[in-house]
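Residue numbering for the sequence shown follows this note's numbering, starting at 1 and increasing by one per position. The structure appears right after this line, and notes come after that.
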Amino acid sequence: MLAKILLFVVCMPLMVVNLSAVELSDIEIHGFVSIGYVKSQDNDFFSGTHRGTFEFNEFAVNFSADLDSRTHIGIQLFARDLGDLGNDEIEIDWAFFDHKFNDKIGMRAGRFKLPTALYNEYMDIDAVRTTIFLPTGIYSHTFRDLSLSADGFDAYGTLPLGGVGDIEYNVYFGTQTITEDHAVANSFSTRGLDNISAELDYMLGAGLLWNTSLSGLRFGAFSYIQKDWSIDGESAGGSPFLPTAGTPLNFYTDKLTSLKLAVEYTIEDWVFASEWGTFKGDWFSGSTAIFQQNQESWYVQASYRINEKWEVASYYSEFYHDADDKNGAGFANAHDAYHKDTDFSVRYDASEFWTLKVEVHYIDGTAVGKSPDSDPTEPHWLMFAFKTTVTF
Numbered sequence: 001m002l003a004k005i006l007l008f009v010v011c012m013p014l015m016v017v018n019l020s021a022v023e024l025s026d027i028e029i030h031g032f033v034s035i036g037y038v039k040s041q042d043n044d045f046f047s048g049t050h051r052g053t054f055e056f057n058e059f060a061v062n063f064s065a066d067l068d069s070r071t072h073i074g075i076q077l078f079a080r081d082l083g084d085l086g087n088d089e090i091e092i093d094w095a096f097f098d099h100k101f102n103d104k105i106g107m108r109a110g111r112f113k114l115p116t117a118l119y120n121e122y123m124d125i126d127a128v129r130t131t132i133f134l135p136t137g138i139y140s141h142t143f144r145d146l147s148l149s150a151d152g153f154d155a156y157g158t159l160p161l162g163g164v165g166d167i168e169y170n171v172y173f174g175t176q177t178i179t180e181d182h183a184v185a186n187s188f189s190t191r192g193l194d195n196i197s198a199e200l201d202y203m204l205g206a207g208l209l210w211n212t213s214l215s216g217l218r219f220g221a222f223s224y225i226q227k228d229w230s231i232d233g234e235s236a237g238g239s240p241f242l243p244t245a246g247t248p249l250n251f252y253t254d255k256l257t258s259l260k261l262a263v264e265y266t267i268e269d270w271v272f273a274s275e276w277g278t279f280k281g282d283w284f285s286g287s288t289a290i291f292q293q294n295q296e297s298w299y300v301q302a303s304y305r306i307n308e309k310w311e312v313a314s315y316y317s318e319f320y321h322d323a324d325d326k327n328g329a330g331f332a333n334a335h336d337a338y339h340k341d342t343d344f345s346v347r348y349d350a351s352e353f354w355t356l357k358v359e360v361h362y363i364d365g366t367a368v369g370k371s372p373d374s375d376p377t378e379p380h381w382l383m384f385a386f387k388t389t390v391t392f
């Protein structure tokens, strides 16, 4: 019901705006096409990567227009394929009505990207960064749907702080609906759930970015709470731990919480960045606790622009399923508890609109990997990725 109410309220501005004032020539059309290849050793980073896969692409097209000097509308259609995630299903990535009252406050209504981390709003835009994959613990592909966008309202602005810089802020309220095609649902399918649907009562969050008086130095803090997730489905059967296939099942949590802290420093052709974050929640089926999310992650990264054509970057990241069991004592395989990733990336700008990238990862742990063909996972493994993107 809340989702329907929000949808009605969100659409109201578009109903009352004189859209006839927007001529076809006033509409800007942009987008991008990315295709790539991923090959991993021994383990799957996502489905099929141990064999090498071209099921790695993203497509987007957006339409936007300025109704006046302070009012903006836009929509973006997006599709991706990441192994068994996405499968090139077209979705509305964002669509909002944006009115900026002044530099200190503006308001968006619709579907908008969430400022849940330093680069989260640009997670799917390959052209704006050096690396192919962002550090996995902070920028999760599996739980991308939980943190990337919401349907609701976002207040934003920039507040001057005198001699110490300024603060960019976002405060947002909204909801989400997850279907069987979403990556979050896919993670529950590995726990024996089919025909999945999910609903969230609401989410509330904020993001702060302090641009200090020292040129290029900024600090960020991002947090949100999601209330009353309910995930419905049917048992897939085939396990003594699951009821008969087709039996209705329900998983729920009263809240999920996320907190991330960030720092970035840009000096000449160098960019240094680091983030730390937690993601917590307890999931139940009936009165039985089925699993606990107590994740922790962090990374450090440096990138360097060599010249107009070439850029390089490297990062080291760590991700833990359970911040209280980083060594994996409570896991069947200790290395399933963590994911420690050393990345080296090279970017080549063939033109203003065409980029090519290659990167290699040395990975310790399988918290973000899985074994193909039900074989035991290998604790140490390599991954290679190539990607090319055209923007328009």
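We put the beta carbon where it would ideally sit given N, CA and C, even for glycine.
Can you give the beta carbon distance from residue i to residue j, rounded, assuming they're within the 8 Å contact cut?
i	j	result
S69	E28	Contact flag wrong, Cβ pair sits at about 15 Å.
F56	V33	Rounded, the Cβ-Cβ distance is 13 Å, inconsistent with contact.
V263	F219	5 Å
R270	W298	The sequence given here places Trp at residue 270; Arg does not occur at that position. Contact flag wrong, Cβ pair sits at about 20 Å.
G83	T131	At roughly 19 Å, the Cβ-Cβ gap does not stay under 8 Å, so G83 and T131 are not in contact.
S314	F272	Actually they are not in contact, since the Cβ atoms of S314 and F272 sit about 11 Å apart, beyond 8 Å.
F279	S303	That belief does not hold up - the Cβ atoms of F279 and S303 are roughly 25 Å apart, past 8 Å.
G36	N62	With 8 Å as the limit, G36 and N62 do not qualify as a contact, their Cβ atoms being about 21 Å apart.
K370	D44	5 Å
Measure the C-alpha to C-alpha separation of residue i and residue j and round it to an integer number of angstroms.
i	j	result
N195	S285	16 Å
I92	L77	5 Å
A245	D232	14 Å
F143	V368	11 Å
T388	K113	24 Å
Q301	S147	21 Å
K340	L208	28 Å
W283	I290	6 Å
N307	I267	15 Å
Y156	I225	18 Å
A206	I363	32 Å
L261	T366	25 Å
E383	L159	Per the sequence shown, residue 383 should be read as Met rather than Glu. So the alpha carbons of these two residues sit roughly 43 Å apart.
L407	A117	A question about residue 407 goes unanswered here, because the residues of the chain that appear run from 1 up to 392.
F392	N120	21 Å
W381	T212	40 Å
K100	G86	34 Å
D349	D98	32 Å
D436	Y139	Summary: the structure shown does not reach residue 436, with the chain confined to residues 1 through 392, and so no result is reported for it.
N294	F331	14 Å
A79	E58	6 Å
G174	R111	9 Å
L204	L356	38 Å
D81	I125	14 Å
N170	S274	21 Å
N102	S197	40 Å
With burial defined as no fewer than 16 other Cβ atoms inside 10 Å of the residue's Cβ, what is the status of residue i: buried or exposed?
i	result
D88	exposed
I337	Per the sequence shown, the amino acid found at residue 337 is Ala instead of Ile. The residue is buried, with at least 16 neighbouring Cβ atoms inside 10 Å.
I73	buried
E296	buried
P376	exposed
W94	buried
A329	exposed
A60	buried
T53	buried
A323	exposed
I90	exposed
F46	buried
Relative to the C-alpha of residue i, which candidate in the options has its C-alpha closest?
i	options	result
A334	E296, E308, D325	D325
F386	H361, E378, E318	H361
G235	Q301, A221, S213, P248	Here the sequence assigns Ser to residue 235, which means Gly is not the residue at that position. Of the listed residues, the one whose Cα sits closest to S235 is P248.
K255	E268, S274, D228	D228
F153	H141, L134, F272, A109	A109
E378	G31, D42, G83, T116	D42
F251	S287, A221, L217	S287
F319	I167, L134, P160, A350	L134
V128	F331, D166, R305, H380	R305
V358	D364, R347, T366, G365	R347
F96	F392, M107, K370	M107
S230	Y122, G216, Q176, T212	Q176
T253	L204, P243, P115, E199	E199
Y393	R111, R80, K280, T136	The question about residue 393 has no answer here: the residues shown for the chain are numbered 1 through 392.
I401	E352, L217, T71	Since the displayed the chain opens at 1 and closes at 392, residue 401 lies outside it and no answer follows.
H321	D349, Q292, K309, T342	Q292
S351	V390, T71, I90	V390
Y202	A150, I125, A221, Y169	A150
D223	S197, Y172, I178, M123	Residue identity differs from the one stated: residue 223 is Ser in this sequence, not Asp. Nearest option by C-alpha distance: Y172.
G421	W210, Y122, N170, L204	Outside the displayed range of the chain (1 to 392) lies residue 421, so it cannot be described from this structure.
D66	D26, I90, I75, R51	D26
Kindly provide the ranges of any beta strand (DSSP E) runs that are 3 or more residues long and lie completely inside the stretch 260-299, ordered along the chain. For the stretch 260-299, the continuous beta strand (DSSP E) assignments of 3+ residues that do not extend past its boundaries occur at 270-285, in sequence order.
Residue ranges of each beta strand (DSSP E) within the stretch 102-156, 3 or longer: 105-113
Which runs of the beta strand (DSSP E) at least 3 residues long sit entirely within the stretch 27-87? Give them in chain order. Those beta strand (DSSP E) runs which fall completely within the stretch 27-87 and span 3+ residues are 28-40, 56-66, 71-82.
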